[in-house]
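In our numbering, the protein residues as written are 16 to 93.
Built from N, CA and C at the ideal position, the CB exists for glycine as well.
Note that the coordinates shown come from a computational prediction; the quantities given were computed from them, not determined experimentally.
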Amino acid sequence: TKYTKVNQETCIACGACGDVAPEIYGFDEEGIAYVILDDNLGNSEIPEALWDDMEDAYEECPSESIKIANQPFRTENN
Ligand code: F3S
Numbered sequence: 016t017k018y019t020k021v022n023q024e025t026c027i028a029c030g031a032c033g034d035v036a037p038e039i040y041g042f043d044e045e046g047i048a049y050v051i052l053d054d055n056l057g058n059s060e061i062p063e064a065l066w067d068d069m070e071d072a073y074e075e076c077p078s079e080s081i082k083i084a085n086q087p088f089r090t091e092n093n
């Protein structure tokens with residue numbers, strides 16, 4: 016199982032994540048990314064069909080703001 020979350024403290028609104036993984040990452044009105052599936056809580060399992068897109072986003076993000084983990088994120092760790 017995999018989970019993902021955007022570190023919104025370091026996201027520079029470059030938009031790459033939503034380009035490569037539009038089913039996972041969306042943007043707020045300032046262009047800051049968030050995980051659509053769980054409103055960036057990082058506690059919804061990402062469907063396996065989307066893992067490749069998620070990993071592309073992880074690699075493309077210039078500020079290393081895309082976080083991926085094998086267990087749900089807790090709200091305190093970005
Ligand atoms: Fe932000 Fe990185 Fe996406 S900078 S918009 S999280 S590619």
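Within the same chain, Cβ atoms closer than 7 angstroms to the Cβ of Y73 are found at I81, I83, the five residues on either side in sequence being excluded. Contact check for D67 against V35 fails: the beta carbons are separated by 7 angstroms or more. Residues of the same chain with a CB within less than 6 angstroms of the CB of C29, apart from the 5 flanking positions on each side, are P77 in chain order.
Here the alpha carbon of G57 sits roughly 20 angstroms from the alpha carbon of E44. DSSP lists A48 as the bridge partner or partners of F42. With respect to the 7 angstroms criterion, T19 and I51 are not classified as neighbours on the basis of their beta carbons.
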